[in-house]
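Colleague: First the structure, which I've put down as structure tokens, then a few questions once you've had a look.
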Amino acid sequence: MLHRHRILVIDDSRELLASLRTLLESEGLEVRVADEGLEGLREARAFRPHCILVDYYMPGMNGEDVVARVRAFDALTQIVLMTGHPGERPGREMMRRLDIQGYHAKSESTERLLVSIDGALKAYRQLSEIERQSRGLRKMLEASPRIHRFQPLTDLCATALGELVELTQSPRALIATLEADDALVVRSEIPVPARARRGGSFIVELRKALGRALDSGTTEPAEGFTVAAIRLAGAPLGVLAIEGDPATHDPGLLLLFANQLALAIENVRLYEMATLDSLTQLQSRRHFLERLDDWLRLSVRDRRPLSLILVDLDGLKTINDRLGHVAGDRAIARAGECIRSVIRETDIGGRYGGDEFAIVTPHTAASGAGVLAERLRYAIAEAPVDVDGEMVRLTASIAYGGFDSPPLEAWTRRGLPKSAWKELATRLIGEVDAALYVAKGSGRNRVVAAGEDGAIDRRIIEIARSLEVA
139 MLHRHRILVI DDSRELLASL RTLLESEGLE VRVADEGLEG LREARAFRPH CILVDYYMPG
199 MNGEDVVARV RAFDALTQIV LMTGHPGERP GREMMRRLDI QGYHAKSEST ERLLVSIDGA
259 LKAYRQLSEI ERQSRGLRKM LEASPRIHRF QPLTDLCATA LGELVELTQS PRALIATLEA
319 DDALVVRSEI PVPARARRGG SFIVELRKAL GRALDSGTTE PAEGFTVAAI RLAGAPLGVL
379 AIEGDPATHD PGLLLLFANQ LALAIENVRL YEMATLDSLT QLQSRRHFLE RLDDWLRLSV
439 RDRRPLSLIL VDLDGLKTIN DRLGHVAGDR AIARAGECIR SVIRETDIGG RYGGDEFAIV
499 TPHTAASGAG VLAERLRYAI AEAPVDVDGE MVRLTASIAY GGFDSPPLEA WTRRGLPKSA
559 WKELATRLIG EVDAALYVAK GSGRNRVVAA GEDGAIDRRI IEIARSLEVA
């Protein structure tokens, strides 16, 4: 299944190292192992592996430290992070910060590990092929890690477009993606004719050029632009277009760039399918709760404030009963739009239930969360939904609460079980949910603070102390 490649495994379990060496060598891979971080770094410098499997939790130098040091001298090797704690799945921010190719829980099957390695080695082969090209292609190699970072699709296309313009020195360019309804949507553009933004004949020509490019396997002209298909395994994902005749651009370079972009787009879409609620584009409930646990631990560790906001869309059942569930879905989607427009980049918004939403505001005291909650209440009230010509006004009941200090200093020093953190998160939600119940029962379309002005430090300390005793 896997081609001959060099693999380095770094883990503090010698038993695991032995079993992985046997498994990977049986797949025809050249394998070296190291049972601690410093030895792993020495092997990485000498062995120059194509892929590194590294345990995230190791005594001394942990996996995060190893990855950071490897990246200082090798940007090409692909890294798969491993952990024996399946619930400790890193979020997108951590994946981006560590610049890793994939993640594997040791409790998962070896087949899944081989799939992760296969994907990492495919990425390595593509990057290696780029490195063997001319100096122009080397610019693409430098751009590739930025393209393959975990980021929203719109951000990815903007990043890729900037790299494409730098690579080709073209004054005008765009990237468009094919959506589920087969519409061709311009995701990012560096100024192109206004007709591209409005659709019309230019988009029609782009679609025709995409069809020709898929048939010919090379670049095609479209109204003064050179078009390359963005496709994966033969399936079209979109187009990239740069100003100028195809004769003035290296088709191999453009197609190679398009292939890199196709992989990055597919990775983003797979990640979003696994972690985002499709209707609101907010975090799914499961992923949101995982992120809440993560930020709770970080806030306690760093002695930083943290707040939680809960949102309940008022009257959704009435909308469903009177106008149908399609209207209800539009209302939920509009609430999701409002949340995404109001929260900061560091905040995490999630769909908590059918008509309920939750927002974690890291490094934010309760007073700051209260300001954000009121801003969100106003945004929802000013964003009616058009249902067959009828403008349906939306309102929301909102509650917030948080702590300005960590629950207990002892929690920063002790390795408490994950269950304790989960329970603390559950209790935090419960405190804010009680305030949400008050908001709904006292007229709706209002913001209510949990505790005194939203500060529930004392209550959380009591909860933390009871959990510690338990």
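Here the sequence shown stands for residues 139 to 608, numbered as in my numbering. Note that beta-carbon positions come from the ideal geometry of N, C-alpha and C, so glycine has one too. Nothing here was measured: the structure is a model prediction, and the numbers come from that model.
First and last residue of the alpha helix (DSSP H) that includes residue 201?
Modeller: Looking at the DSSP string, the run of the alpha helix (DSSP H) that includes residue 201 is 201 to 211.
Colleague: Could you check where the beta strand (DSSP E) with residue 312 kicks off and where it finishes?
Modeller: From DSSP, the beta strand (DSSP E) with residue 312 extends over 311 to 316.
Colleague: Return the chain-ordered ranges of every beta strand (DSSP E) run that is complete within the stretch 141 to 208 and spans a minimum of 3 residues.
Modeller: DSSP runs (the beta strand (DSSP E)) wholly in the stretch 141 to 208: 144 to 148, 168 to 172, 189 to 193.
Colleague: Mind checking residue 579: buried by the 16 CB within 10 Å criterion, or exposed?
Modeller: Exposed, because fewer than 16 other Cβ atoms sit within 10 Å of the Cβ of residue 579.
Colleague: Near residue 565, which residues of its chain fall below 7 Å by C-beta distance, leaving aside the five closest residues on each side in sequence?
Modeller: Excluding residues within five positions, the ones whose Cβ falls inside 7 Å are 601.
Colleague: Between the alpha carbons of residue 143 and residue 209, how many angstroms are there, rounded?
Modeller: Cα to Cα, residue 143 sits roughly 19 Å from residue 209.
Colleague: Quick one: what's got a C-beta closer than 7 Å to residue 479's C-beta in the same chain, skipping five residues either side?
Modeller: Only 517 meet the Cβ criterion.
Colleague: What does the alpha-carbon distance come out to for the pair residue 611 and residue 498?
Modeller: Because the chain in this structure spans residues 139 to 608, residue 611 falls outside the shown range and cannot be described.
Colleague: Does DSSP put residue 371 in a helix, a strand or coil?
Modeller: If DSSP states are grouped into helix, strand and coil, residue 371 belongs with coil.
Colleague: Taking residue 472 as the reference, which of 533, 215, 159, 163 has the closest Cα?
Modeller: Comparing Cα positions, the closest option is 533.
Colleague: Among 382, 388, 542, which one has its Cα closest to the Cα of residue 445?
Modeller: Comparing Cα-Cα distances from residue 445 to each of 382, 388, 542, the minimum goes to 542.
Colleague: Is residue 321 closer than 8 Å to residue 370 when the C-beta atoms are compared?
Modeller: Taking 8 Å as the Cβ cut-off, residue 370 and residue 321 do not qualify as a contacting pair.
Colleague: Between the beta-carbon of residue 365 and the beta-carbon of residue 385, is there less than 8 Å?
Modeller: The answer is no: Cβ separation not under 8 Å.
Colleague: By the 10 Å Cβ neighbour count, where 16 or more other Cβ atoms means buried, how is residue 213 classified, buried or exposed?
Modeller: Its Cβ having fewer than 16 others within 10 Å, residue 213 is exposed.
Colleague: Tell me where the beta strand (DSSP E) around residue 221 begins and ends.
Modeller: Start and end: 216 to 221.
Colleague: Taking the alpha-carbon positions, what's the residue 575 to residue 288 distance?
Modeller: Roughly 37 Å between the two C-alpha positions.
Colleague: For a test of the three-state rule: what should DSSP assign to residue 558, helix, strand or coil?
Modeller: It is helical.
Colleague: Would you tell me roughly how many angstroms separate the C-alpha atoms of residue 202 and residue 162, rounded to the nearest one?
Modeller: If I take the Cα positions, the gap works out to 23 Å.
Colleague: Given a threshold of 16 other Cβ atoms within 10 Å of its Cβ, counted over all protein chains shown, does residue 336 qualify as buried or as exposed?
Modeller: Note on residue 336: pLDDT 43, under 50, position unreliable in the model; the coordinate value appears next. By the 10 Å Cβ count, residue 336 comes out exposed.
Colleague: Cβ atoms of residue 303 and residue 315: under 8 Å apart, would you say?
Modeller: No.
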